[in-house]
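Contents: one structure, followed by commentary.
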Amino acid sequence: MTTITLSDSRTLAYAEYGDPRGKPVFFFHGTPGSRLFRPPDEVTKKMGVRLICTDRPGYGQSTFQPGRGLLDWPADVAQLADALGLDKFYIAGHSGGGPHTLACAFGLPDRVTAAATLSGAGPVDAPGATDGMTPLNKFGFKFGRYLPWPVGRAITWMIFRERCADPAKAMDRETEIGVRPPADEEIITRPEVRDLCIKTEVEAFRPGLKGMAWDVRLITRPWGFRLDGIRVPVQLWHGTVDNLTSVPMAQHMAGKIPNGRLTIFPDEGHMLLFPHWEEILTALCKS
(Lines of atoms letter the chains of each structure in order from A and count residues from 1; the text may use other names and numbers.)
(Lines give C-alpha, C1' and ligand atoms only; values in the text may rest on other atoms or scores of the structure.)
Protein backbone atom coordinates (compact mmCIF):
# COMPACT_ATOMS: atom_id res chain seq x y z
CA MET A 1 0.00 0.00 0.00
CA THR A 2 1.19 3.48 -0.93
CA THR A 3 -0.29 6.91 -0.33
CA ILE A 4 -0.05 10.32 -1.93
CA THR A 5 -0.99 13.68 -0.49
CA LEU A 6 -3.51 15.48 -2.68
CA SER A 7 -3.61 19.22 -3.36
CA ASP A 8 -6.15 19.76 -0.56
CA SER A 9 -3.94 17.82 1.92
CA ARG A 10 -6.10 14.69 1.89
CA THR A 11 -4.47 11.26 1.73
CA LEU A 12 -5.26 8.95 -1.18
CA ALA A 13 -4.23 5.32 -0.72
CA TYR A 14 -3.61 2.89 -3.54
CA ALA A 15 -1.94 -0.42 -4.34
CA GLU A 16 -0.40 -1.76 -7.53
CA TYR A 17 -0.65 -5.30 -8.87
CA GLY A 18 0.35 -7.22 -11.98
CA ASP A 19 3.04 -6.16 -14.45
CA PRO A 20 4.73 -2.89 -13.37
CA ARG A 21 5.60 -2.22 -17.02
CA GLY A 22 2.21 -3.20 -18.38
CA LYS A 23 -0.74 -1.20 -19.66
CA PRO A 24 -1.96 1.01 -16.79
CA VAL A 25 -5.51 0.26 -15.63
CA PHE A 26 -7.10 2.08 -12.71
CA PHE A 27 -9.65 -0.13 -10.97
CA PHE A 28 -12.34 1.34 -8.72
CA HIS A 29 -13.86 -0.90 -6.05
CA GLY A 30 -17.54 -1.35 -5.25
CA THR A 31 -19.69 -0.11 -2.37
CA PRO A 32 -18.26 -1.04 0.07
CA GLY A 33 -14.75 -1.92 -0.99
CA SER A 34 -11.07 -1.09 -0.82
CA ARG A 35 -7.83 -1.18 -2.79
CA LEU A 36 -7.44 -4.87 -1.91
CA PHE A 37 -10.23 -5.98 -4.28
CA ARG A 38 -8.71 -7.08 -7.58
CA PRO A 39 -8.25 -9.98 -10.01
CA PRO A 40 -5.71 -12.70 -9.21
CA ASP A 41 -2.16 -11.45 -9.65
CA GLU A 42 -1.39 -14.23 -12.13
CA VAL A 43 -4.13 -12.87 -14.41
CA THR A 44 -2.82 -9.30 -14.52
CA LYS A 45 0.78 -10.46 -14.89
CA LYS A 46 -0.13 -12.86 -17.69
CA MET A 47 -2.04 -10.14 -19.52
CA GLY A 48 0.59 -7.44 -19.12
CA VAL A 49 -1.65 -5.18 -17.05
CA ARG A 50 -0.40 -2.72 -14.44
CA LEU A 51 -3.42 -2.58 -12.14
CA ILE A 52 -3.74 0.43 -9.85
CA CYS A 53 -6.43 0.02 -7.18
CA THR A 54 -7.51 2.92 -4.99
CA ASP A 55 -9.33 3.49 -1.72
CA ARG A 56 -12.03 6.06 -2.38
CA PRO A 57 -12.40 8.86 0.20
CA GLY A 58 -13.60 7.50 3.53
CA TYR A 59 -12.55 3.90 2.80
CA GLY A 60 -9.42 2.14 4.00
CA GLN A 61 -6.53 4.57 4.29
CA SER A 62 -8.01 7.42 2.22
CA THR A 63 -9.22 10.57 3.94
CA PHE A 64 -12.96 11.26 3.93
CA GLN A 65 -13.91 14.22 1.71
CA PRO A 66 -16.88 16.23 3.04
CA GLY A 67 -19.29 17.32 0.33
CA ARG A 68 -17.66 15.15 -2.34
CA GLY A 69 -19.42 14.88 -5.69
CA LEU A 70 -18.86 12.26 -8.36
CA LEU A 71 -17.02 14.80 -10.50
CA ASP A 72 -14.52 15.40 -7.69
CA TRP A 73 -13.19 11.88 -8.20
CA PRO A 74 -11.57 12.52 -11.62
CA ALA A 75 -9.40 15.22 -10.03
CA ASP A 76 -8.11 12.71 -7.46
CA VAL A 77 -7.41 10.14 -10.16
CA ALA A 78 -5.63 12.73 -12.31
CA GLN A 79 -3.37 13.69 -9.41
CA LEU A 80 -2.54 10.03 -8.76
CA ALA A 81 -1.83 9.47 -12.45
CA ASP A 82 0.46 12.51 -12.44
CA ALA A 83 2.30 11.17 -9.40
CA LEU A 84 2.79 7.86 -11.22
CA GLY A 85 3.94 9.57 -14.41
CA LEU A 86 0.96 8.34 -16.44
CA ASP A 87 -0.44 10.55 -19.17
CA LYS A 88 -3.02 8.12 -20.57
CA PHE A 89 -4.61 5.09 -18.94
CA TYR A 90 -7.58 2.73 -18.87
CA ILE A 91 -10.23 2.67 -16.15
CA ALA A 92 -12.67 0.09 -14.83
CA GLY A 93 -15.04 -0.09 -11.89
CA HIS A 94 -17.20 -2.69 -10.19
CA SER A 95 -20.68 -2.02 -8.78
CA GLY A 96 -20.53 1.35 -6.96
CA GLY A 97 -17.21 1.93 -8.72
CA GLY A 98 -19.12 2.07 -12.00
CA PRO A 99 -20.45 5.64 -11.60
CA HIS A 100 -16.96 6.75 -10.52
CA THR A 101 -15.58 5.17 -13.69
CA LEU A 102 -18.09 7.02 -15.84
CA ALA A 103 -17.31 10.27 -14.01
CA CYS A 104 -13.65 9.85 -15.00
CA ALA A 105 -14.59 8.94 -18.57
CA PHE A 106 -16.59 12.18 -18.70
CA GLY A 107 -14.16 14.37 -16.79
CA LEU A 108 -10.84 13.14 -18.21
CA PRO A 109 -11.55 12.52 -21.92
CA ASP A 110 -8.02 13.37 -23.01
CA ARG A 111 -6.43 10.96 -20.55
CA VAL A 112 -8.79 7.98 -20.39
CA THR A 113 -8.23 5.66 -23.35
CA ALA A 114 -11.22 3.42 -22.62
CA ALA A 115 -13.47 2.50 -19.72
CA ALA A 116 -15.39 -0.51 -18.44
CA THR A 117 -18.11 -0.97 -15.85
CA LEU A 118 -18.57 -4.40 -14.30
CA SER A 119 -22.02 -4.93 -12.77
CA GLY A 120 -22.03 -1.16 -12.48
CA ALA A 121 -24.66 0.87 -10.67
CA GLY A 122 -26.69 3.15 -12.90
CA PRO A 123 -28.91 6.20 -12.54
CA VAL A 124 -31.99 5.60 -10.42
CA ASP A 125 -34.19 7.31 -12.99
CA ALA A 126 -33.49 4.61 -15.59
CA PRO A 127 -36.70 2.78 -16.59
CA GLY A 128 -37.02 -0.33 -14.42
CA ALA A 129 -33.88 0.64 -12.51
CA THR A 130 -34.65 -1.42 -9.40
CA ASP A 131 -36.24 -4.43 -11.12
CA GLY A 132 -35.00 -7.68 -9.59
CA MET A 133 -33.01 -6.06 -6.78
CA THR A 134 -32.94 -7.26 -3.19
CA PRO A 135 -35.33 -5.33 -0.92
CA LEU A 136 -32.37 -3.60 0.74
CA ASN A 137 -30.85 -2.36 -2.51
CA LYS A 138 -34.26 -1.41 -3.87
CA PHE A 139 -34.80 0.73 -0.77
CA GLY A 140 -31.35 2.31 -1.04
CA PHE A 141 -31.69 3.22 -4.70
CA LYS A 142 -35.26 4.50 -4.39
CA PHE A 143 -34.93 6.54 -1.22
CA GLY A 144 -31.20 7.23 -0.72
CA ARG A 145 -31.37 10.49 -2.65
CA TYR A 146 -34.04 11.91 -0.35
CA LEU A 147 -32.36 11.26 2.99
CA PRO A 148 -30.53 14.12 4.74
CA TRP A 149 -26.90 13.21 5.38
CA PRO A 150 -27.27 12.56 9.14
CA VAL A 151 -30.26 10.29 8.49
CA GLY A 152 -28.57 8.40 5.65
CA ARG A 153 -25.45 7.91 7.72
CA ALA A 154 -27.49 6.65 10.69
CA ILE A 155 -29.44 4.21 8.52
CA THR A 156 -26.22 2.89 6.98
CA TRP A 157 -24.84 2.33 10.47
CA MET A 158 -27.98 0.51 11.64
CA ILE A 159 -28.04 -1.79 8.61
CA PHE A 160 -24.32 -2.47 8.23
CA ARG A 161 -22.86 -2.22 11.74
CA GLU A 162 -22.69 -6.01 12.15
CA ARG A 163 -21.06 -6.40 8.73
CA CYS A 164 -18.61 -3.66 9.66
CA ALA A 165 -17.73 -5.46 12.90
CA ASP A 166 -17.39 -8.94 11.37
CA PRO A 167 -17.55 -9.22 7.55
CA ALA A 168 -16.94 -12.99 7.63
CA LYS A 169 -19.90 -13.61 9.92
CA ALA A 170 -22.12 -11.35 7.81
CA MET A 171 -21.09 -13.17 4.64
CA ASP A 172 -21.93 -16.54 6.18
CA ARG A 173 -25.27 -15.19 7.35
CA GLU A 174 -26.09 -14.07 3.80
CA THR A 175 -25.36 -17.61 2.62
CA GLU A 176 -27.70 -19.04 5.26
CA ILE A 177 -30.65 -16.86 4.29
CA GLY A 178 -30.07 -17.15 0.55
CA VAL A 179 -29.55 -13.50 -0.33
CA ARG A 180 -27.36 -14.21 -3.34
CA PRO A 181 -28.38 -15.91 -6.60
CA PRO A 182 -26.80 -19.37 -7.11
CA ALA A 183 -24.26 -18.03 -9.62
CA ASP A 184 -22.90 -15.54 -7.08
CA GLU A 185 -23.08 -17.99 -4.20
CA GLU A 186 -20.94 -20.49 -6.09
CA ILE A 187 -18.29 -17.84 -6.73
CA ILE A 188 -18.22 -16.14 -3.34
CA THR A 189 -17.90 -19.41 -1.43
CA ARG A 190 -14.70 -20.31 -3.27
CA PRO A 191 -12.01 -20.08 -0.56
CA GLU A 192 -9.83 -17.61 -2.47
CA VAL A 193 -12.75 -15.31 -3.34
CA ARG A 194 -14.23 -15.47 0.15
CA ASP A 195 -10.86 -14.61 1.67
CA LEU A 196 -10.40 -11.69 -0.76
CA CYS A 197 -13.87 -10.29 -0.04
CA ILE A 198 -13.40 -10.52 3.73
CA LYS A 199 -10.01 -8.80 3.63
CA THR A 200 -11.43 -6.15 1.29
CA GLU A 201 -14.27 -5.30 3.66
CA VAL A 202 -12.15 -5.39 6.81
CA GLU A 203 -9.95 -2.74 5.21
CA ALA A 204 -12.90 -0.83 3.75
CA PHE A 205 -14.49 -0.45 7.17
CA ARG A 206 -11.26 0.43 8.98
CA PRO A 207 -12.36 4.08 9.42
CA GLY A 208 -16.02 3.16 9.92
CA LEU A 209 -19.07 3.40 7.66
CA LYS A 210 -18.94 7.06 6.63
CA GLY A 211 -17.31 6.34 3.27
CA MET A 212 -19.95 3.80 2.34
CA ALA A 213 -22.80 6.05 3.48
CA TRP A 214 -21.49 8.87 1.29
CA ASP A 215 -21.06 6.52 -1.67
CA VAL A 216 -24.74 5.56 -1.43
CA ARG A 217 -25.68 9.23 -1.29
CA LEU A 218 -23.62 10.01 -4.40
CA ILE A 219 -24.78 7.07 -6.47
CA THR A 220 -28.49 7.57 -5.81
CA ARG A 221 -28.53 11.33 -6.44
CA PRO A 222 -28.12 13.10 -9.80
CA TRP A 223 -24.58 12.44 -10.97
CA GLY A 224 -23.76 15.92 -12.22
CA PHE A 225 -22.91 14.94 -15.78
CA ARG A 226 -24.68 13.63 -18.86
CA LEU A 227 -24.02 10.12 -20.11
CA ASP A 228 -24.29 11.36 -23.68
CA GLY A 229 -21.38 13.69 -22.95
CA ILE A 230 -18.93 10.80 -22.49
CA ARG A 231 -16.52 10.78 -25.42
CA VAL A 232 -14.41 7.70 -24.71
CA PRO A 233 -15.35 4.07 -25.48
CA VAL A 234 -17.18 2.41 -22.60
CA GLN A 235 -17.82 -1.31 -22.23
CA LEU A 236 -20.56 -2.39 -19.84
CA TRP A 237 -20.69 -5.95 -18.50
CA HIS A 238 -23.74 -7.26 -16.65
CA GLY A 239 -25.37 -10.52 -15.59
CA THR A 240 -29.08 -11.25 -15.95
CA VAL A 241 -29.51 -12.48 -12.36
CA ASP A 242 -27.63 -9.62 -10.70
CA ASN A 243 -29.83 -8.58 -7.77
CA LEU A 244 -27.68 -5.71 -6.47
CA THR A 245 -27.53 -3.62 -9.63
CA SER A 246 -29.84 -4.22 -12.58
CA VAL A 247 -29.75 -5.03 -16.27
CA PRO A 248 -32.21 -2.17 -17.02
CA MET A 249 -29.65 0.21 -15.51
CA ALA A 250 -26.95 -1.18 -17.79
CA GLN A 251 -29.22 -1.06 -20.84
CA HIS A 252 -30.13 2.55 -20.08
CA MET A 253 -26.48 3.59 -19.76
CA ALA A 254 -25.41 1.72 -22.90
CA GLY A 255 -28.19 3.44 -24.81
CA LYS A 256 -27.12 6.90 -23.65
CA ILE A 257 -23.32 6.65 -23.95
CA PRO A 258 -22.39 7.40 -27.60
CA ASN A 259 -19.68 4.76 -27.75
CA GLY A 260 -21.12 2.37 -25.18
CA ARG A 261 -21.26 -1.38 -25.71
CA LEU A 262 -23.16 -3.73 -23.42
CA THR A 263 -22.35 -7.41 -22.92
CA ILE A 264 -24.97 -9.40 -21.00
CA PHE A 265 -24.18 -12.78 -19.47
CA PRO A 266 -27.22 -15.06 -19.04
CA ASP A 267 -27.64 -16.61 -15.59
CA GLU A 268 -24.68 -14.72 -14.11
CA GLY A 269 -24.79 -12.24 -11.26
CA HIS A 270 -22.99 -9.43 -9.51
CA MET A 271 -19.74 -11.38 -9.20
CA LEU A 272 -19.40 -12.14 -12.91
CA LEU A 273 -16.05 -10.36 -12.99
CA PHE A 274 -14.32 -13.35 -11.35
CA PRO A 275 -14.89 -15.89 -14.14
CA HIS A 276 -14.47 -13.20 -16.82
CA TRP A 277 -11.47 -11.15 -15.66
CA GLU A 278 -9.32 -12.10 -18.65
CA GLU A 279 -12.08 -11.44 -21.18
CA ILE A 280 -12.92 -8.07 -19.64
CA LEU A 281 -9.33 -6.84 -19.37
CA THR A 282 -8.50 -8.07 -22.87
CA ALA A 283 -11.46 -6.21 -24.36
CA LEU A 284 -10.70 -3.06 -22.35
CA CYS A 285 -7.05 -2.88 -23.32
CA LYS A 286 -7.82 -3.46 -27.00
CA SER A 287 -10.21 -0.49 -27.14
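Numbering (the numbering used here), first residue to last: 95 to 381.
For each residue, glycine too, the CB sits at the ideal point set by N, CA and C.
No experiment lies behind these values; they were computed from the predicted model shown.
Determine the extent of the alpha helix (DSSP H) in which Gly305 is found, giving its start and end residues.
What you label residue 305 is simply residue 211 of the sequence shown in a count that begins at 1. Unbroken alpha helix (DSSP H) run through Gly305: Lys304 to Thr314.
Just confirm the distance between the C-beta atoms of Thr294 and Phe131, as a whole number of angstroms; I'd bet it's less than 8 angstroms.
In the sequence shown, residue 294 corresponds to position 200, counting from 1. In the sequence shown, residue 131 corresponds to position 37, counting from 1. Thr294 to Phe131, Cβ: 4 angstroms. Contact.
Please determine, among Lys232, Gly201, Thr207 and Ala208, the residue with the shortest C-alpha to C-alpha distance to Gly216.
The sequence position of residue 216 within the sequence shown is 122, counting from 1. For Gly216, the nearest C-alpha among the options comes from Lys232.
How about the region 368-379 and the region 235-253: do they share at least three Cβ pairs that are nearer than 8 angstroms?
The region 368-379, when compared against the region 235-253, does not touch it at the 8 angstroms Cβ threshold.
Comparing alpha-carbon positions, which option in Ile313, Ala107 and Cys198 lies nearest Gln155?
Here the question's residue 155 lines up with position 61 in the sequence shown. Nearest C-alpha to Gln155: Ala107.
Following the continuous beta strand (DSSP E) through Arg355, name the residue where it begins and the one where it ends.
As a working note, residue 355 is residue 261 in the sequence shown. Per DSSP, Arg355 belongs to the beta strand (DSSP E) from Gly354 to Phe359.
Just to confirm, is the Cβ distance from Ile313 to Thr148 under 8 angstroms?
Within the sequence shown, residue 313 is the residue found at index 219, counting from 1. Within the sequence shown, residue 148 is the residue found at index 54, counting from 1. No, they are not a contact pair.
If you compare alpha carbons, which of Pro203, Gly272, Arg355 and Gly214 is closest to Ala172?
Mapped onto the sequence shown, residue 172 falls at position 78. Nearest C-alpha to Ala172: Pro203.
Answer yes or no: do Ile292 and Val328 have a C-beta to C-beta separation smaller than 8 angstroms?
Indexing the sequence shown from 1 puts residue 292 at position 198. Indexing the sequence shown from 1 puts residue 328 at position 234. No, Cβ-Cβ distance for Ile292 and Val328 is not below 8 angstroms.
In angstroms with no decimal places, state the Cα-to-Cα distance between His188 and Pro244.
For the purposes of this step, residue 188 is taken as the residue at position 94 of the sequence shown. For the purposes of this step, residue 244 is taken as the residue at position 150 of the sequence shown. Cα to Cα, His188 sits roughly 27 angstroms from Pro244.
Short of 7 angstroms in beta carbon distance, which residues of its chain neighbour Pro275, apart from the five on each side in sequence? Order them along the chain.
Position 181 of the sequence shown, counted from the first residue, corresponds to residue 275. Only Val335, Asn337 and Gly363 meet the Cβ criterion.
Under 8 angstroms, do Tyr153 and Ala298 count as touching if we go by C-beta distance?
Counted from its first residue, the sequence shown places residue 153 at position 59. Counted from its first residue, the sequence shown places residue 298 at position 204. Contact flag set, yes.
Exposed or buried, which one is Ala99 when buried takes at least 16 other CB atoms within 10 Å?
The residue labelled residue 99 in the question sits at position 5 within the sequence shown. The question names Ala, yet the displayed sequence has Thr at residue 99. That one is exposed.
Report buried or exposed for Gln283, applying the criterion of at least 16 other Cβ atoms within 10 angstroms of its Cβ.
By 1-based counting over the sequence shown, the position of residue 283 is 189. First, the amino acid is wrong: residue 283 is Thr here, not Gln. The residue in question, Thr283, is exposed, as its Cβ has fewer than 16 Cβ neighbours within 10 Å.
Go to Trp331, then tell me how far its beta strand (DSSP E) extends in each direction, as first and last residue.
In the sequence shown, residue 331 corresponds to position 237, counting from 1. Val328 to Gly333 is the extent of the beta strand (DSSP E) around Trp331.
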